[in-house]
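Visitor: So for the sequence shown, numbering that gives the first Met the number 0 puts the first residue at 0; every next one is plus one.
Glycine included, every Cβ here is placed at the ideal spot set by N, Cα and C.
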Amino acid sequence: MSAPVLTTPAELYSRLFHGDPAPVVLDVRWRLGDPHGHDRYLAGHIPGAVYVDLDTELAAPPTPESGRHPLPDPVALQRAARSWGLTTGRPVVVYDDNGNTAAARAWWLLRWAGVERVSLLDGALAAWRAAGLPVETGEPAPPAEGDVVLITGQLPVLDADVAAEVARTGVLLDARAAERYRGETEPVDPRAGHIPGALSAPTGDNLAPDGTFHSAEELARRFAALGADDTTKVGVYCGSGVTAAHTVAALARVGITAALYPGSWSAWSADTARPAAVGATPG
């Protein structure tokens with residue numbers, strides 16, 4: 000049985016200190032252009048949390064064809080998951096320090112790989128701190144090696160051709176900032192713009208001002224306004240398949256299964272044969 004998409008700081012605290020078994024907690028500090036996630040982890044993290052490096056453990060090396068954060072090799076992902084202490088059936092909670100916009104990548108990958116009992120800490124580290132709950136500093140001892148067996152392919156994915164089809168016949172959501180969707184700026188990928196037919200749906204709009212997810216009712220209204228519901232084929236992309244996972248989680252919270260385009264704009268824009276639309280309309 001799958002765990003809820005979200006868990007609260009109070010729920011995690013109770014399970015961490017009184018649960019049997021206690022969940023594995025993963026800290027996924029990552030932001031575009033900022034290589035200091037591990038330093039911030041050392042400065043303060045949830046007790047017992049294991050640091051996970053997004054670039055090296057939650058992605059394969061970048062290529063023009065697959066984008067900046069390709070899906071990791073399944074064998075490598077299982078090896079990493081075991082090093083984090085994941086064991087069969089043990090629950091997992093993931094968080095970061097930025098509204099779970101990076102941690103959602105770990106949430107998605109683990110569910111894609113068949114780990115059903117994985118949740119995001121709603122509000123991320125800020126909510127944990129706001130609740131007055133303890134943090135620890137420094138590098139903890141490595142966890143005991145886990146025995147989890149990962150079976151990938153448990154969540155839907157899109158390649159570029161299918162993403163283009165979903166943009167024509169279903170709902171393809173672009174989770175990047177609106178100015179990148181419109182093509183006004185492109186700080187990292189080869190071309191500016193968006194996949195023709197895609198709709199702008201910035202990841203930040205999934206969150207309330209305090210960094211927690213909006214209520215299920217608010218999210219349902221948001222996605223309904225974009226034409227996304229449980230009767231429509233829905234796909235999501237972003238710059239490199241990281242923050243798009245956050246929107247997949249938000250959709251899952253309201254009962255909508257969405258497919259992730261892992262290559263996202265980084266792969267699409269590197270292929271000069273594929274068109275790019277600009278402006279505020281789908282194009």
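(1) Please check the pair Ala244 and Ser263, which I expect to be a contact at CB under 8 Å, by giving their CB distance rounded to whole angstroms.
(2) Is Gly122 near Asp26, with beta carbons less than 8 Å apart?
(3) Mind pulling the alpha helix (DSSP H) runs of 4 or more residues that sit fully within the stretch 136-218?
(4) Please report the residue range of the beta strand (DSSP E) in which Gly234 lies.
(5) Measure from the alpha carbon of Gly238 to the alpha carbon of each residue in Glu115, Tyr180, Thr256 and Ala215, then state which is nearest.
(6) Please list the terminal residues of the continuous beta strand (DSSP E) segment that includes Ala283.
(7) Are the beta-carbon atoms of Ala258 and Leu157 separated by less than 8 Å?
(8) Per DSSP, what kind of secondary structure is Ala276 in: helix, strand or coil?
(9) Using alpha carbons as the reference points, say which of Val93, Ala9 and Arg78 lies closest to Tyr50.
(10) Does the stretch 149-165 come within contact of the stretch 108-123, defined as at least 3 CB pairs closer than 8 Å?
(11) Any chance you could list the alpha helix (DSSP H) runs of at least 4 consecutive residues sitting entirely within the stretch 0-74, in chain order?
(12) Quick test of your reading: Ala215 and Arg252, contact by CB under 8 Å. State the CB separation rounded to the nearest angstrom.
(13) When you compare the CB positions of Trp29 and Leu53, do they come within less than 8 Å of one another, or not?
(14) In terms of alpha-carbon separation, which member of Asn97, Pro90 and Arg14 lies closest to Leu31?
Guide: Let me lay it out:
(1) Taking the Cβ atoms as the reference, Ala244 lies roughly 10 Å from Ser263, outside the contact range of under 8 Å.
(2) The answer is no: Cβ separation not under 8 Å.
(3) The stretch 136-218 contains these whole alpha helix (DSSP H) runs: 159-168 and 177-180.
(4) Looking at the DSSP string, the run of the beta strand (DSSP E) that includes Gly234 is Val233 to Tyr236.
(5) The residue with the shortest Cα to Cα distance from Gly238 is Tyr180.
(6) In the structure as shown, the chain begins at 0 and stops at 282. Residue 283 is therefore absent and cannot be evaluated.
(7) Less than 8 Å divides the Cβ of Ala258 from the Cβ of Leu157.
(8) Secondary structure at Ala276: strand, using DSSP grouped into helix, strand and coil.
(9) Looking at the Cα atoms, Val93 is the closest of the given residues.
(10) Yes, the stretch 149-165 touches the stretch 108-123.
(11) Counting only runs that start and end inside the stretch 0-74, the alpha helix (DSSP H) elements of at least 4 residues fall at 8-17, 36-42 and 53-56.
(12) So it is a contact: roughly 6 Å between Cβ atoms.
(13) Yes, Cβ-Cβ distance for Trp29 and Leu53 is below 8 Å.
(14) Distances from the alpha-carbon of Leu31 to those of Asn97, Pro90 and Arg14 put Asn97 closest.
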